[in-house]
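Residue numbers (UniProt numbering), protein chains in the order written: chain A, 1 to 250; chain B, 1 to 250.
Each residue gets a CB set at the ideal place from its N, CA and C atoms; glycine is no exception.
Being a predicted model, the structure only gives us computed values, none of them experimental.
Protein chains: 2
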Amino acid sequence: MLFSQRQEIILSLIDHQKVVTLEELVQETGSSESTIRRDLDRLEKAKKLKRIHGGASRIEDKAEEPSLAEKNLRNVEEKQRIGQYAASLVQEHECIYLDAGTTAMQMIPHLNLENLIVVTNGIQLVEPLVEKGIPTYLVGGLIKPKTGAMIGSGAIKSLENYRFDKCFIGINGIHEDWGYTTPDPEESILKQKVLELSQEKYVLADPSKFGKSSFSKVALLEEAFIITVKSKNVQLASFEKKTLVKAVEK
Amino acid sequence: MLFSQRQEIILSLIDHQKVVTLEELVQETGSSESTIRRDLDRLEKAKKLKRIHGGASRIEDKAEEPSLAEKNLRNVEEKQRIGQYAASLVQEHECIYLDAGTTAMQMIPHLNLENLIVVTNGIQLVEPLVEKGIPTYLVGGLIKPKTGAMIGSGAIKSLENYRFDKCFIGINGIHEDWGYTTPDPEESILKQKVLELSQEKYVLADPSKFGKSSFSKVALLEEAFIITVKSKNVQLASFEKKTLVKAVEK
DNA sequence: AATTATTGATTGAAAATGATTGTTTTTGAA
DNA sequence: TTCAAAAACAATCATTTTCAATCAATAATT
Numbered sequence: 001m002l003f004s005q006r007q008e009i010i011l012s013l014i015d016h017q018k019v020v021t022l023e024e025l026v027q028e029t030g031s032s033e034s035t036i037r038r039d040l041d042r043l044e045k046a047k048k049l050k051r052i053h054g055g056a057s058r059i060e061d062k063a064e065e066p067s068l069a070e071k072n073l074r075n076v077e078e079k080q081r082i083g084q085y086a087a088s089l090v091q092e093h094e095c096i097y098l099d100a101g102t103t104a105m106q107m108i109p110h111l112n113l114e115n116l117i118v119v120t121n122g123i124q125l126v127e128p129l130v131e132k133g134i135p136t137y138l139v140g141g142l143i144k145p146k147t148g149a150m151i152g153s154g155a156i157k158s159l160e161n162y163r164f165d166k167c168f169i170g171i172n173g174i175h176e177d178w179g180y181t182t183p184d185p186e187e188s189i190l191k192q193k194v195l196e197l198s199q200e201k202y203v204l205a206d207p208s209k210f211g212k213s214s215f216s217k218v219a220l221l222e223e224a225f226i227i228t229v230k231s232k233n234v235q236l237a238s239f240e241k242k243t244l245v246k247a248v249e250k
Numbered sequence: 001m002l003f004s005q006r007q008e009i010i011l012s013l014i015d016h017q018k019v020v021t022l023e024e025l026v027q028e029t030g031s032s033e034s035t036i037r038r039d040l041d042r043l044e045k046a047k048k049l050k051r052i053h054g055g056a057s058r059i060e061d062k063a064e065e066p067s068l069a070e071k072n073l074r075n076v077e078e079k080q081r082i083g084q085y086a087a088s089l090v091q092e093h094e095c096i097y098l099d100a101g102t103t104a105m106q107m108i109p110h111l112n113l114e115n116l117i118v119v120t121n122g123i124q125l126v127e128p129l130v131e132k133g134i135p136t137y138l139v140g141g142l143i144k145p146k147t148g149a150m151i152g153s154g155a156i157k158s159l160e161n162y163r164f165d166k167c168f169i170g171i172n173g174i175h176e177d178w179g180y181t182t183p184d185p186e187e188s189i190l191k192q193k194v195l196e197l198s199q200e201k202y203v204l205a206d207p208s209k210f211g212k213s214s215f216s217k218v219a220l221l222e223e224a225f226i227i228t229v230k231s232k233n234v235q236l237a238s239f240e241k242k243t244l245v246k247a248v249e250k
């Protein structure tokens, strides 16, 4: 059996059950213990999993899971800058959509406007919004346990009651050819619907998202504007040909 | 069994019930006492829990303030009893509605069923539900800042996608003549809709609600069953003439 | 054919486990 | 309160499991 086949088995098992024993993997692949160990070594170096005594476990890219609460504290500063700029685009009397996730959440502290209405699908955004005194609508639907985002057909249906002046959505990958992508198809559909319902469309993404592409396609580059921060590691020229890109200073 | 698997069991138990005995953990994991002790040592060093004589307890990080809903700590014990009994009425494969508010929330710890689906309009209920692994749908709509409940026409519309085997709603006043009442007309309409969509209808109310009536009428007494606790201050006879009343022991 | 990469088996070392020990803490009856 | 029995504890040991390192055999590449 080829390494890539085994890798697939290993990662899929880990993905489904969080931890997997060496023995299970030997069973499942028919390979020897030594081989599996070597595979695990490689996959650990590639940061695809974490080796533990007796097997391997899923990589928890965040230090700890504070239940549903705020996590993903990576690139906070960048996200704050993006959020600040994005918030400056919003004007009084507008109705805007904020996507679930940390990036759009960073806009909230800077939303100092009267007569603003916010719609979101992220439970985490509700509390800061309400505390700011902003009238907030939450999209209904099934709750995605990991992220506290609303998804599913109920959420889509729920969305159709609204129209937005502007929407601000987060994204996992921005690729020159493949456009905006995200890992969860359910979320992808929702984002598409939001874009459809909005006059002005903004995608918020820190530089780490550029050049990457994820499983599920949301939209083409030209279908939304991009807000990001300047970074020497990312060449924006090719993206700027297709859409408006605002890169704020660090 | 691998350490990480045990860790998960241990932490989840502690998370749910605050303290856990060594014996319980031995039972639950099938590992020996020695092993569990060592696990607890490790987890204590990692600040994931606090060891106590006989087991371990949750680490009380800091004052968890619910800011959005200053939790109504009145009559907690009574509400717990009511919640416990109400939860015992729920069966597998059912789809139930839980009203926003502390009383219905008290049902959650006792909802130990497989294949249960919960719909709620209370944001506060989401986290405990999700942590229990219960598939949860949140009604969409406008958020009522004080209570974190979803209200308004959007919520009503959002509700119409569902049908419930049972619903459990909280109420502010139960009056012999005026029936069930609540102060907020918006909430009242929502509760009416929920009752309409449910097969079996339960109103949860501690004894302080009896004989009172509030601004907005939800339904007549006979339109729902009542779950409360026994109290010498309340004469239930007149209510029992009109509907089924279950008064659990204190 | 020679070289390189991958594999499975073997080895002693390291880690984890369960049982046992004697000690400390808790409990409850005097 | 005091004291003895019971329960829970940390420390230690022998056993089992898992580990990394090494080696020879096989497959792929040059």
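- Judged by beta-carbon spacing, A/E187 lies within the 8 Å limit of A/I151, meaning their Cβ atoms are closer than that value.
- With respect to the C-alpha of B/Y202, the residue from B/K45, B/L22 and B/L98 having the closest C-alpha is B/L98.
- With a minimum length of 4 residues, the unbroken runs of alpha helix (DSSP H) contained wholly in the segment 61 to 139 of chain A fall at 76 to 88, 102 to 105 and 123 to 131.
- Within the segment 154 to 179 of chain B, those residues whose Cβ lies closer than 7 Å to any Cβ of chain A are, in chain order, G154, K157, S158 and N161.
- By the Cβ criterion, the segment 214 to 222 of chain A is not in contact with the segment 110 to 120 of chain A, since fewer than three pairs of Cβ atoms, one from each stretch, lie closer than 8 Å.
- DSSP places B/F215 in the coil class of the three-state scheme, outside both helix and strand.
- B/S216 sits buried, since 16 or more C-beta atoms from the chains shown fall within 10 Å of its C-beta.
- When secondary structure is reduced to three states using DSSP, A/R51 falls in the strand class.
- Residue range S198 to L204 is occupied by the beta strand (DSSP E) that includes B/V203.
- At a cut-off of 8 Å between beta-carbon atoms, A/I189 makes no contact with chain B.
- The beta carbon of B/M107 is closer than 7 Å to those of G83, A86, A87, L98 and F168 in its chain, skipping five residues each way along the sequence.
- In the structure shown, B/T29 adopts helical secondary structure according to DSSP, grouped into three states.
- Nearest CB-CB separation between A/I123 and chain B: below the 8 Å threshold.
- Taking the CA atoms as reference points, B/R163 sits about 28 Å from A/L125.
- In terms of CA proximity to B/K132, B/S12 leads the group B/Q7, B/F3 and B/S12.
- Each residue's CA atom was taken as its position, placing B/I10 and B/S32 some 14 Å apart.
- Excluding its 5 nearest sequence neighbours in each direction, B/G30 has C-beta neighbours in its own chain below 8 Å: M1, listed in chain order.
- Taking 8 Å as the threshold, the shortest C-beta distance from A/Y137 to chain B falls below it.
- With a 10 Å radius around the Cβ and a threshold of 16 neighbouring Cβ atoms, B/A205 comes out buried.
- Taking the Cα of A/S198 as reference, the smallest distance to any Cα among A/E160, A/L129, A/E44 and A/E240 is reached at A/E160.
- Taking a C-beta cut-off of 8 Å against chain B, the contacting residues of the segment 6 to 22 of chain A are K18, V19 and T21, listed in chain order.
- For A/G140, the CB contacts under 7 Å within the same chain, skipping 5 residues up- and downstream, are M150, G154, A155 and S158 in chain order.
- Per the coordinates, the alpha-carbon of A/Q17 lies some 18 Å from the alpha-carbon of B/E28.
- Judged by beta-carbon spacing, B/F3 lies within the 8 Å limit of A/H53, meaning their Cβ atoms are closer than that value.
- For B/V126, the neighbours in chain A by C-beta distance under 9 Å run, in chain order, L68, I123, I143 and G148.
- Annotated three-state conformation of A/G154 is helix, per DSSP.
- Residue contact check for A/G101 against chain B: no CB pair falls below 8 Å.
- Secondary structure of B/K18 (DSSP, three-state): coil.
- Within chain B, no residue has its beta carbon less than 7 Å from that of A/I36; the closest one is some 15 Å off.
- For A/H53, at least one C-beta of chain B is nearer than 8 Å to its own C-beta.
- For the segment 216 to 241 of chain A, the continuous alpha helix (DSSP H) assignments of 4+ residues that do not extend past its boundaries occur at 237 to 240, in sequence order.
- In this structure, A/P207 and A/S238 do not form a Cβ contact; the two beta carbons are roughly 14 Å apart against a cut-off of 8 Å.
- Residues E78, R81, I82, D206, P207, A247, V248, E249 and K250 of the same chain have their beta carbon placed closer than 8 Å to that of A/V229, with the five preceding and five following residues left out of the count.
- If you check the CB distance, A/Q7 and A/D39 come in under 8 Å.
- Per the coordinates, the alpha-carbon of B/G101 lies some 47 Å from the alpha-carbon of A/L22.
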